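Following: one structure in structure tokens, then a few remarks.
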Amino acid sequence: MSTSTTNSKDAAAIQAVQQGVAVCDRSNWGRIQVSDGDRLRFLHNQSTNDFQTLKPNQGCDTVFVTSTARTIDLVTAYVMEDAVLLLVSPNRRDFLMQWLDRYIFFADKVQLTDVTDETATFSLLGPKSDEIVEKLGAGAIIGQTYGNHLSFDGIRIAVGSGLASFGYTLILPVALKETVWNKIVELGAVPMSDRAWEILRIIQGRPAPEHELTDDYNPLEAGLWQTISFNKGCYIGQETIARLNTYKGVKQHLWGIHLNTGVELGTLITVGDEKVGKLTSITETAEGYRGLGYIRSKAGGAGLQVQVGEVTGEIVEIPFVSHEYPE
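Under the working numbering, read the sequence shown as residues 3 to 329, first letter to last.
If you want it as structure tokens, here you go:
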């Protein structure tokens with residue numbers, strides 16, 4: 003397949019996200035099932051969001067962090083009647099299985115099961131996603147809160163696309179994968195490649211492990227305020243996060259960057275002679291190159307002119323994240 007053909011397909015899928023509906027196969031993402039009686043308490047204590055208040059058929063985004071509040075992964079959790087299903091980044095699946103297992107103690111009623119190979123995940127993205135959902139027979143989910151989900155015909159469908167775009171996430175048995183995919187495409191969804199997803203991820207600013215989510219950064223710097231409960235009490239990394247919020251101590255923020263041309267990952271970002279950040283992701287789009295990077299708070303934000311190595315860039319807003327302290 004030629005590059006131009008691939009690019010035209012990617013462009014068509016991205017346009018569908020903006021104006022119609024696209025479907026992306028995210029089956030390479032990890033799916034970890036957490037079950038048994040202490041499952042909610044366990045996840046509550048291991049990540050940033052409040053699991054104790056969640057009921058079956060609700061969900062949330064949460065961040066797993068180290069004891070010093072450095073980021074491990076941004077995860078979406080779906081609470082079911084007898085288990086919680088975690089949708090985790092592809093390159094964090096094995097690590098999180100081992101990491102979570104380390105915190106299960108003798109008396110804990112917690113079981114971890116990697117269900118990745120026996121399930122599949124699709125995301126519907128775009129303003130016309132409701133039309134597909136209605137035709138699939140899952141219209142009852144339309145209009146519900148982010149993270150809410152229901153089961154129909156053996157498929158679990160949840161509000162939220164995984165990006166800032168409007169949409170839904172479907173988790174289904176792998177045996178149904180081909181049939182459901184074909185049905186969704188037949189109903190008018192434009193197939194979207196992993197590369198198009200990555201382009202949108204960078205444009206919209208969803209932080210990813212090994213790029214924006216590393217031992218160098220915490221969830222507040224990554225702009226993941228919506229994943230953090232400041233009222234839930236103790237969890238791993240809680241003291242550091244609470245202190246940063248209380249004293250407004252976030253010294254750098256994740257931003258988008260418009261670039262004139264491509265540069266290497268990890269390139270320093272400067273204003274004049276001053277180093278203000280580092281490039282963490284970059285992609286080529288139809289409108290030129292776009293990147294992500296952490297910029298020192300004191301340097302400025304959207305509209306700031308910067309140098310990324312030898313290349314001129316401008317800091318731009320990214321819809322997935324927030325830079326505001328909660329009221």
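Every residue gets a Cβ at the ideal spot worked out from N, C-alpha and C, and that includes glycine. Only a predicted model underlies this, so the values are computations on that prediction, with no experimental measurement involved.
Member of the options whose CA lies at the smallest distance from the CA of residue i
i	options	result
Ala-18	Glu-286, Gln-35, Val-187 and Val-176	Val-187
Gln-20	Thr-78, Leu-102 and Leu-202	Leu-202
Thr-78	Gly-274, Glu-326, Ser-283 and Ser-49	Ser-49
Arg-41	Lys-11, Phe-107 and Lys-111	Lys-111
Ala-109	Val-67, Ala-71, Arg-43 and Val-65	Arg-43
Gly-258	Ser-231, Thr-216, Tyr-237 and Gly-305	Gly-305
Leu-88	Gly-190, Asp-63, Thr-70 and Ile-74	Asp-63
Ser-411	Pro-193, Val-81, Ser-195 and Thr-118	Because the chain spans 3 through 329 in this model, residue 411 falls outside it and cannot be assessed.
Gln-190	Gly-303, Pro-221 and Val-135	Sequence check: residue 190 is Gly here, not Gln. Nearest C-alpha to Gly-190: Val-135.
Glu-180	Gly-139, Ala-122 and Thr-229	Ala-122
Glu-223	Leu-261, Arg-208 and Asp-38	Arg-208
Arg-298	Val-273, Thr-263, Gly-141 and Asp-196	Val-273
Pro-328	Asn-233, Asp-217 and Thr-68	Asn-233
Leu-226	His-255, Asp-217, Tyr-249 and Gly-39	His-255
Val-90	Gly-32, Met-99 and Ile-320	Gly-32
Tyr-291	Leu-261, Gly-303, Gly-279 and Lys-253	Leu-261
Val-278	Thr-263, Glu-289, Lys-300 and Gly-293	Lys-300
Lys-250	Glu-326, Asp-116, Gln-100 and Lys-185	Glu-326
Trp-183	Ser-10, Arg-28, Ala-142 and Gly-22	Arg-28
Span of the beta strand (DSSP E), counted from its first residue to its last, around residue i
i	result
Glu-316	313 to 318
Leu-76	73 to 81
Thr-181	Premise fails: Thr-181 lies in the alpha helix (DSSP H), 179 to 188, not in any beta strand (DSSP E).
Ser-24	Here residue 24 turns out to be Ala, not Ser, going by the sequence shown. 24 to 27 is the extent of the beta strand (DSSP E) around Ala-24.
Asp-63	60 to 67
Gln-307	307 to 310
Leu-88	85 to 90
Phe-151	First, the amino acid is wrong: residue 151 is His here, not Phe. Looking at the DSSP string, the run of the beta strand (DSSP E) that includes His-151 is 151 to 154.
Residues near residue i in its chain [Cβ-Cβ closer than 8 Å; skip 5 each side]
i	result
Glu-120	Pro-175 and Val-176
Glu-200	Thr-285
Phe-168	Leu-127, Gly-128, Pro-129 and Ser-131
Paired residues, beta bridge with residue i - DSSP
i	result
Trp-2	Missing from the structure shown is residue 2; the chain here goes from 3 to 329 and no further.
Leu-114	Val-36
Lys-280	Leu-270 and Tyr-296
Tyr-170	Leu-126 and Val-161
Pro-193	Val-25
Thr-121	Pro-175
Gly-290	Thr-287
Own chain, CB closer than 7 Å to residue i, minus 5 neighbours either side, in chain order
i	result
Asp-103	Leu-114
Ala-198	Asp-12, Ala-15 and Ile-16
Asn-93	Pro-211 and Glu-212
Thr-70	Gly-239 and Thr-242
Ala-24	Ala-15, Ala-18, Leu-127, Gly-128, Ala-191, Val-192 and Met-194
Val-265	Leu-281, Ile-284, Val-310, Gly-311 and Val-313
Thr-287	Ile-201 and Ile-205
Ala-85	Gln-35, Val-36, Ser-37 and Arg-41
Gln-414	In the structure as shown, the chain begins at 3 and stops at 329. Residue 414 is therefore absent and cannot be evaluated.
Asp-96	none
Leu-45	Val-36, Phe-53, Ala-79 and Val-86
Boundaries of the alpha helix (DSSP H) in which residue i is found, first to last residue
i	result
Ser-131	131 to 138
Thr-248	240 to 248
His-46	41 to 48
Ala-160	Not the alpha helix (DSSP H): Ala-160 falls in the beta strand (DSSP E), residues 157 to 161.
Ala-198	196 to 206
Leu-98	95 to 104
Cβ neighbours of residue i in the same chain (closer than 6 Å, five flanking residues each side left out)
i	result
Ile-106	Val-112
Met-3	Confidence at Met-3 is low in this model, with a pLDDT of 30, below 50, so its placement is unreliable and no value can be given for it.
Tyr-237	Asn-47
Asn-51	Cys-62, Thr-64, Thr-229 and Ser-231
Ala-140	Phe-154 and Ile-159
Val-323	Gly-207, Gly-225 and Leu-256
Proximity test, residue i beta-carbon vs the ligand ADP heavy atom, cut-off 6 Å
i	result
Arg-197	Among the components modelled here there is no ligand, and therefore nothing to report on the ligand ADP.
Inspect the CB distances between the region 314 to 323 and the region 237 to 249 and report whether three or more fall short of 8 Å.
-> no
Looking at C-beta atoms only, is the number of pairs between the region 53 to 63 and the region 147 to 165 that lie closer than 8 Å three or more?
-> yes
Does the region 126 to 136 come close enough to the region 162 to 174 to have 3 or more Cβ pairs within less than 8 Å?
-> yes
Sufficient close CB pairs (3 or more, under 8 Å) joining the region 261 to 280 to the region 295 to 310 | yes
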